[in-house]
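Engineer: Chains as they are written, first to last, in my numbering: chain W, 2 to 271; chain U, 2 to 271.
In this text, a Cβ means the ideal position worked out from N, Cα and C, and glycines have one as well.
Below: one structure in structure tokens.
2 protein chains.
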Amino acid sequence: MYQQVARVRHDEGMSKQPKYRQVADALRREIDNGTYAPGARLPSESELSARFDASRNTVRSGLNLLVTEGLISSSQGLGYEVRSHEVFVLNASRFENLDLPQNGDAYSTDVTAAGRRPHQTFRVELTTAPEYVAERLKVEAGDTAVLRFCHRFVDDVPWSTQATHYPEWLVTKGPRLTEPGDIAEGTTRYLASLGIEQIGYFDEIATRMPTPEEARLLEIGAGVPVLLWTRTGFSDERPIRCTITTFRGDLNRMNYEIGELSARSENEPQ
Amino acid sequence: MYQQVARVRHDEGMSKQPKYRQVADALRREIDNGTYAPGARLPSESELSARFDASRNTVRSGLNLLVTEGLISSSQGLGYEVRSHEVFVLNASRFENLDLPQNGDAYSTDVTAAGRRPHQTFRVELTTAPEYVAERLKVEAGDTAVLRFCHRFVDDVPWSTQATHYPEWLVTKGPRLTEPGDIAEGTTRYLASLGIEQIGYFDEIATRMPTPEEARLLEIGAGVPVLLWTRTGFSDERPIRCTITTFRGDLNRMNYEIGELSARSENEPQ
DNA sequence: TTGCTCAACTTGTTGGTACAAGCTGATGCA
DNA sequence: TGCATCAGCTTGTACCAACAAGTTGAGCAA
Numbered sequence: 002m003y004q005q006v007a008r009v010r011h012d013e014g015m016s017k018q019p020k021y022r023q024v025a026d027a028l029r030r031e032i033d034n035g036t037y038a039p040g041a042r043l044p045s046e047s048e049l050s051a052r053f054d055a056s057r058n059t060v061r062s063g064l065n066l067l068v069t070e071g072l073i074s075s076s077q078g079l080g081y082e083v084r085s086h087e088v089f090v091l092n093a094s095r096f097e098n099l100d101l102p103q104n105g106d107a108y109s110t111d112v113t114a115a116g117r118r119p120h121q122t123f124r125v126e127l128t129t130a131p132e133y134v135a136e137r138l139k140v141e142a143g144d145t146a147v148l149r150f151c152h153r154f155v156d157d158v159p160w161s162t163q164a165t166h167y168p169e170w171l172v173t174k175g176p177r178l179t180e181p182g183d184i185a186e187g188t189t190r191y192l193a194s195l196g197i198e199q200i201g202y203f204d205e206i207a208t209r210m211p212t213p214e215e216a217r218l219l220e221i222g223a224g225v226p227v228l229l230w231t232r233t234g235f236s237d238e239r240p241i242r243c244t245i246t247t248f249r250g251d252l253n254r255m256n257y258e259i260g261e262l263s264a265r266s267e268n269e270p271q
Numbered sequence: 002m003y004q005q006v007a008r009v010r011h012d013e014g015m016s017k018q019p020k021y022r023q024v025a026d027a028l029r030r031e032i033d034n035g036t037y038a039p040g041a042r043l044p045s046e047s048e049l050s051a052r053f054d055a056s057r058n059t060v061r062s063g064l065n066l067l068v069t070e071g072l073i074s075s076s077q078g079l080g081y082e083v084r085s086h087e088v089f090v091l092n093a094s095r096f097e098n099l100d101l102p103q104n105g106d107a108y109s110t111d112v113t114a115a116g117r118r119p120h121q122t123f124r125v126e127l128t129t130a131p132e133y134v135a136e137r138l139k140v141e142a143g144d145t146a147v148l149r150f151c152h153r154f155v156d157d158v159p160w161s162t163q164a165t166h167y168p169e170w171l172v173t174k175g176p177r178l179t180e181p182g183d184i185a186e187g188t189t190r191y192l193a194s195l196g197i198e199q200i201g202y203f204d205e206i207a208t209r210m211p212t213p214e215e216a217r218l219l220e221i222g223a224g225v226p227v228l229l230w231t232r233t234g235f236s237d238e239r240p241i242r243c244t245i246t247t248f249r250g251d252l253n254r255m256n257y258e259i260g261e262l263s264a265r266s267e268n269e270p271q
């Protein structure tokens, strides 16, 4: 029916690579060198099938590799599109600066400063602390806590989700724990209203592939990892909040400044 | 030959999900709840094919989803194995502490302290600075630079690669730029020998899917993202080195401490 | 016992087919 | 003109078949 042997013979070391990888490599090269620019559509499967002299299944395997790598995305009826990725940089050591508390929401400020349009939805609820959060807040897993969940967009593109847990002892300090509006304005402001000062953060950064739920919220297909940022905030006595932010990995980068940066470092590399 | 219609009819809203997703979801659930523990082998494709009453191709599509999510890996002749992921935590704000320069290689120290066995290979060469690095070192792209490339293992598992670029002006300060051995011992020590002190860092963190080359070096299959850590070190005058570390995303996590952490925070959540 | 071969498993690759389902523009009716 | 329909494109899902190639263990030969 088909014979692989004869073909491999004359391939002369240039590629023992299987055909579907050759397809992926060729297309990846063309995406890299700009033959297919971000936003552009790739030729259809049947066209590629003809070009590479491969079956539709084989071409699909190759395209699937590129989807997995996050280079392209597909939609039924439309075709394959080259993904664009303008990254948004978050300076985590300056963010919510300890000395200069932001007047308002730090996220909105940052996005607006970058000339882009922020948009976010809130949800505040009473819940129990999951184990991961409880460890960090130094409470028992299952203890009640207040969760402030936040879904953020930049120019109407889903950007990140943020879940902040406050321990029970903290929210009962305030007179109005049943009013979600208090927390909605932002963590720093809320804590200030309770007379609590954050004096330090413990940040943890990890990456992994999104869960199906995350993929849905952030509208990312297979092949785009998420960047997980867990920030535990401390008062002079104990942890006062734990914020887990889930970023689209292809659209975000984080920065930290440590120690002194020389004078000329003001204009950081973009 | 086969008819999808009849089956969908009686599925009763419980799942409009395509069959290959049902396979993936079922297996994912069983991996999560421990039916298949890390390191365990999944049933073979043909067994799963019988269990789910699906063709081998359909089962493969489902398994491929889990590979993409990084939950399992496959090897020809062996089968599918549930991946284990013990994460290794790197405290980036304490790492190469500015006040207390490490006596020796910081990586080896950290890994040994965690009760695991470090192993690394070096390569030092004279090269030109790629654009990304040149921007950070404030030199022209294409300028000569010294590259120290480092391939690191923990318990013989590939862990990370590290590429440190030093600008030309710096290496010519030392009398012996042709001796690769000097840099091999580590950045901090090398800089000290040149009488240069690092007073600050600029760290950038990003994530993405690995390039084929990275996947080869780190021995990660599709579905495992990499964590990119770029550290630019500064003297009191200017950037003196740029280190790009590529971690396996499934095995590493980074920490930063900012400001003051309360007394009880010494025992950080693992 | 040792060591080799080989059968019988495993996944990997590639081809084929058929139909479902989403999108778009042309066509034609009101 | 306006709108509904539909043909013809696209990708998505599902099946089948065949052979390549890696791994393992049984079993035979030295």
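1) What does the Cβ neighbour count give for G234 (chain U), buried or exposed, with the cut at 16 atoms within 10 Å?
2) Which residues in chain U sit within 8 Å of E261 (chain W), going by Cβ to Cβ distance?
3) Are the stretch 34-45 of chain W and the stretch 75-87 of chain W touching, with three or more C-beta to C-beta distances below 8 Å?
4) Given a threshold of 16 other Cβ atoms within 10 Å of its Cβ, counted over all protein chains shown, does W170 (chain U) qualify as buried or as exposed?
5) In terms of DSSP beta bridges, what is P159 (chain W) paired with?
6) Classify Q77 (chain U) as helix, strand or coil using the three-state DSSP reduction.
7) Buried or exposed: where does D204 (chain U) fall if 16 or more other Cβ atoms within 10 Å of its Cβ makes it buried?
8) Under the three-state reduction of DSSP, which class applies to E205 (chain W): helix, strand or coil?
9) Are the Cβ atoms of Y148 (chain U) and H166 (chain U) separated by less than 8 Å?
10) Who are L219 (chain W)'s beta bridge partners in DSSP?
11) Just checking, does the stretch 156-166 of chain U make contact with the stretch 214-234 of chain W on the three C-beta pairs under 8 Å criterion?
12) So, with DSSP's three-state summary, where would you put R57 (chain U)?
13) Is G234 (chain U) helix, strand or coil when you go by DSSP?
14) Could you list the residues in the stretch 26-55 of chain W with a C-beta less than 7 Å from some C-beta on chain U, going in chain order?
15) Could one say the Cβ of D204 (chain U) lies closer than 8 Å to chain W's Cβ atoms, at least one of them?
16) Name the one or two DSSP bridge partners that G167 (chain U) has.
17) Quick one: give me the first and last residue of the beta strand (DSSP E) that Y257 (chain W) is part of.
18) Report yes if the CB atom of N256 (chain U) is closer than 8 Å to the CB atom of A93 (chain U), and no otherwise.
19) Within the same chain, show all residues whose beta-carbon is closer than 6 Å to that of T231 (chain U), passing over the 5 residues directly before and after it, in chain order.
20) Given a cut-off of 8 Å, decide if G35 (chain U) and D251 (chain U) are closer than it, judged by their beta-carbon atoms.
21) If you count every other CB in all the chains shown that lies within 10 Å of the CB of N65 (chain W), and 16 or more means buried, which is it?
22) Inspect the beta-carbon positions of G201 (chain U) and L91 (chain W) and report whether they are closer than 8 Å.
23) Please classify R95 (chain W): does DSSP put it in a helix, a strand, or coil?
24) In whole angstroms, give me the CA-to-CA distance for D26 (chain W) and P213 (chain U).
25) In whole angstroms, what separates the C-alpha of R126 (chain W) from that of A55 (chain U)?
26) Use the C-beta contact count for D157 (chain W): other C-beta atoms within 10 angstroms, 16 or more gives buried, fewer gives exposed.
27) Let me make sure I understand the geometry here. Which of U:G63, U:Y21, U:F53 and U:R84 has the alpha-carbon closest to that of I32 (chain U)?
28) Cβ of Y37 (chain W) within 8 Å of Cβ of G63 (chain W)?
29) For a test of the three-state rule: what should DSSP assign to L28 (chain W), helix, strand or coil?
30) Assign N104 (chain U) to one of two classes, buried (16 or more other C-beta atoms within 10 Å of its C-beta) or exposed (fewer than that).
31) Between the stretch 122-146 of chain U and chain W, which residues of the former have CB atoms less than 7 Å from a CB of the latter, in chain order?
32) The stretch 216-232 of chain W: which residues have C-beta closer than 7 Å to a C-beta of chain U, in chain order?
33) With distances taken between CB atoms, is the gap from S161 (chain U) to R249 (chain U) smaller than 8 Å?
34) Would you tell me roughly how many angstroms separate the C-alpha atoms of V88 (chain U) and R30 (chain W), rounded to the nearest one?
35) Going by alpha carbons, who is nearest to A41 (chain W) out of W:A51, W:S74 and W:S50?
36) Starting from T247 (chain W), find everything on chain U with Cβ-Cβ shorter than 8 Å and list it in chain order.
Structural biologist: Answer, in terms of the structure:
1) Within the second sequence, numbered from 1, the residue matching residue 234 (chain U) stands at position 233. G234 (chain U) is buried by the Cβ-count criterion.
2) Here the question's residue 261 (chain W) lines up with position 260 in the first sequence. Those within 8 Å of E261 (chain W) in chain U are I200, G201, F235 and D237.
3) By the Cβ rule, the stretch 34-45 of chain W counts as touching the stretch 75-87 of chain W, because three or more pairs are nearer than 8 Å.
4) Working through the second sequence from its first residue, we reach residue 170 (chain U) at position 169. Exposed.
5) In the first sequence, counting from the first residue as 1, residue 159 (chain W) sits at position 158. W:F154.
6) By 1-based counting over the second sequence, the position of residue 77 (chain U) is 76. In this structure, Q77 (chain U) counts as coil in the three-state DSSP scheme.
7) The residue labelled residue 204 (chain U) in the question sits at position 203 within the second sequence. With 16 or more other Cβ atoms within 10 Å, it is buried.
8) Position 204 of the first sequence, counted from the start, is the residue given in the question as residue 205 (chain W). Note: E205 (chain W) maps to strand in three-state DSSP.
9) Here residue 148 (chain U) refers to the residue found at position 147 when the second sequence is read from its first residue. Here residue 166 (chain U) refers to the residue found at position 165 when the second sequence is read from its first residue. A quick correction: the sequence has Leu, not Tyr, at residue 148 (chain U). Yes. Within cutoff.
10) Your numbering for residue 219 (chain W) matches position 218 in the first sequence. Residue pairing by DSSP places L219 (chain W) in no beta bridge whatsoever.
11) No, they do not touch.
12) Along the second sequence, read from residue 1 onward, the residue named residue 57 (chain U) stands at position 56. Helix at R57 (chain U).
13) Within the second sequence, residue 234 (chain U) is the residue found at index 233, counting from 1. Here G234 (chain U) sits in strand by DSSP.
14) Within the stretch 26-55 of chain W, no residue has a Cβ that lies closer than 7 Å to any Cβ of chain U.
15) Counted from its first residue, the second sequence places residue 204 (chain U) at position 203. Chain W, which has a Cβ nearer than 8 Å to the Cβ of D204 (chain U), makes this yes.
16) Reading the second sequence from its first residue, position 166 is the one you call residue 167 (chain U). As written in the sequence, residue 167 (chain U) is Tyr, which differs from the Gly given in the question. DSSP lists U:V147 as partners of Y167 (chain U).
17) Position 256 of the first sequence, counted from the start, is the residue given in the question as residue 257 (chain W). In the DSSP annotation of this structure, the continuous segment of the beta strand (DSSP E) that includes Y257 (chain W) starts and ends at N253 to G260.
18) On the second sequence, residue 256 (chain U) is found 255 positions in, with the first residue counted as 1. On the second sequence, residue 93 (chain U) is found 92 positions in, with the first residue counted as 1. Result yes, Cβ atoms of N256 (chain U) and A93 (chain U) sit closer than 8 Å.
19) Locating residue 231 (chain U) in the second sequence gives position 230, where the first residue counts as 1. Excluding residues within five positions, the ones whose Cβ falls inside 6 Å are E205 and I245.
20) Start at 1 with the first residue of the second sequence, and residue 251 (chain U) comes out as number 250. Start at 1 with the first residue of the second sequence, and residue 35 (chain U) comes out as number 34. It is not a contact, given that the beta carbons lie outside the stated cut-off.
21) In the first sequence, counting from the first residue as 1, residue 65 (chain W) sits at position 64. Its Cβ being crowded by 16 or more others within 10 Å, N65 (chain W) is buried.
22) Walking along the second sequence from the start, residue 201 (chain U) turns up at place 200. Walking along the first sequence from the start, residue 91 (chain W) turns up at place 90. Not in contact: G201 (chain U) and L91 (chain W) (Cβ atoms no closer than 8 Å).
23) On the first sequence, position 94 is the one that residue 95 (chain W) refers to. Coil.
24) For the purposes of this step, residue 26 (chain W) is taken as residue 25 along the first sequence, with counting starting at 1. For the purposes of this step, residue 213 (chain U) is taken as residue 212 along the second sequence, with counting starting at 1. Between the C-alpha atoms of D26 (chain W) and P213 (chain U) there is a straight-line separation of about 10 Å.
25) By one-based count along the first sequence, residue 126 (chain W) stands at place 125. By one-based count along the second sequence, residue 55 (chain U) stands at place 54. As written in the sequence, residue 126 (chain W) is Glu, which differs from the Arg given in the question. A direct Cα-to-Cα measurement between E126 (chain W) and A55 (chain U) gives close to 43 Å.
26) Numbered from its first residue, the first sequence carries residue 157 (chain W) at position 156. By the neighbour-count definition (other C-beta atoms within 10 Å, threshold 16), D157 (chain W) is an exposed residue.
27) Numbered from 1 along the second sequence, position 31 holds the residue referred to as residue 32 (chain U). The residue with the shortest Cα to Cα distance from I32 (chain U) is U:R84.
28) Position 36 of the first sequence, counted from the start, is the residue given in the question as residue 37 (chain W). Position 62 of the first sequence, counted from the start, is the residue given in the question as residue 63 (chain W). When the beta-carbon positions are compared, Y37 (chain W) and G63 (chain W) stay at least 8 Å from each other.
29) Taking the first residue of the first sequence as 1, we reach residue 28 (chain W) at position 27. Of the three classes helix, strand and coil, the one that applies to L28 (chain W) here is helix, per DSSP.
30) Locating residue 104 (chain U) in the second sequence gives position 103, where the first residue counts as 1. Because N104 (chain U) carries a pLDDT of 47, less than 50, the predicted location of this residue cannot be relied on, and the following value inherits that uncertainty. Result: exposed.
31) With the criterion set as a beta carbon lying under 7 Å from some beta carbon of chain W, the members of the stretch 122-146 of chain U are E136, R137 and K139, in sequence order.
32) Residues of the stretch 216-232 of chain W with a Cβ closer than 7 Å to any Cβ of chain U, in chain order: A223, G224, P226 and L228.
33) As a position in the second sequence, residue 161 (chain U) is number 160, starting the count at 1. As a position in the second sequence, residue 249 (chain U) is number 248, starting the count at 1. Yes, they are a contact pair.
34) Walking along the second sequence from the start, residue 88 (chain U) turns up at place 87. Walking along the first sequence from the start, residue 30 (chain W) turns up at place 29. Rounded to whole angstroms, V88 (chain U) to R30 (chain W) spans 33 Å at the Cα level.
35) Counting from one through the first sequence, the residue named residue 41 (chain W) turns up at place 40. Between A41 (chain W) and the set W:A51, W:S74 and W:S50, the nearest pair of CA atoms involves W:S74.
36) Here residue 247 (chain W) is taken as the residue at index 246 of the first sequence, counted from 1. Listed along the chain, the chain U residues whose CB falls inside 8 Å of the CB of T247 (chain W) amount to none; the nearest CB is some 12 Å away.
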